[in-house]
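Undergrad: Below is one structure. I have some questions about it.
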Amino acid sequence: MQTLIILGSIMMFLAVALGAFGAHALKRRLSADMIKIYETGVQYHLVHGIGIILLGLLADRLEQPSLVLLAGWLLFAGILLFSGSLYVLSVTGVRKLGAITPLGGVAFLAGWVMLFVAAL
């Protein structure tokens with residue numbers, strides 16, 4: 043489960059870096075609507091990065107560590123799809139990328155369901 047802790051740490055580093063980039067470099071270049079979209083991506087990125095780290099810490103305590111690992115990878119996929127699509131959408135303005143965002147949301151939900159099942 044060290045993998046999840048490492049992955050989560052990398053995700054948290056990137057979330058903080060991207061948040062700072064948005065606050066300092068993008069604030070003057072993007073519209074208020076696009077900044078809000080970008081900030082939503084950062085918010086979900088941060089929350090689920092912490093989630094990945096917590097899964098790494100919990101995995102050895104639950105009877106189904108493989109489901110916990112799967113949950114972590116699903117949260118990672120959610121960050122890539124949900125937050126990633128919001129980052130690209132806000133910077134490029136290509137609204138069609140918004141079609142990818144719900145797939146990331148589904149990955150987040152599936153990851154939390156996997157944790158629920160692992161804990162049963």
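With this note's numbering applied, the sequence shown covers 43 to 162. Here a beta-carbon is modelled for each residue, glycine too, at the ideal position from N, C-alpha and C.
#1: Nearest CA to the CA of S166: which residue from G93, G135 and M43?
#2: What does the alpha-carbon distance come out to for the pair R70 and L99?
#3: What residue does the alpha helix (DSSP H) around G147 start on, and which one ends it?
#4: Check the C-beta distance from L111 over to A101 and give it rounded, since I have them as a contact under 8 Å.
#5: Terminal residues of the continuous alpha helix (DSSP H) containing F124?
#6: Determine the extent of the alpha helix (DSSP H) in which G105 is found, giving its start and end residues.
#7: Using a threshold of 9 Å, state whether the C-beta atoms of A161 and L123 are closer than that.
#8: How close, in whole Å, do the beta carbons of S127 and T143 come, if the pair is a contact with beta carbons under 8 Å?
#9: From Q106 to M156, what distance separates their C-alpha atoms?
TA: Quick look at the numbers:
#1: Residue 166 falls outside the range modelled here, since the chain spans only 43 to 162, and no answer is possible.
#2: 39 Å
#3: T143 to A161
#4: 7 Å
#5: From DSSP, F124 is part of no alpha helix (DSSP H); its letter is neither H nor E.
#6: Position check: residue 105 holds Glu in this sequence, whereas Gly was assumed. Unbroken run through E105: none, as it is neither H nor E.
#7: no
#8: 5 Å
#9: 10 Å
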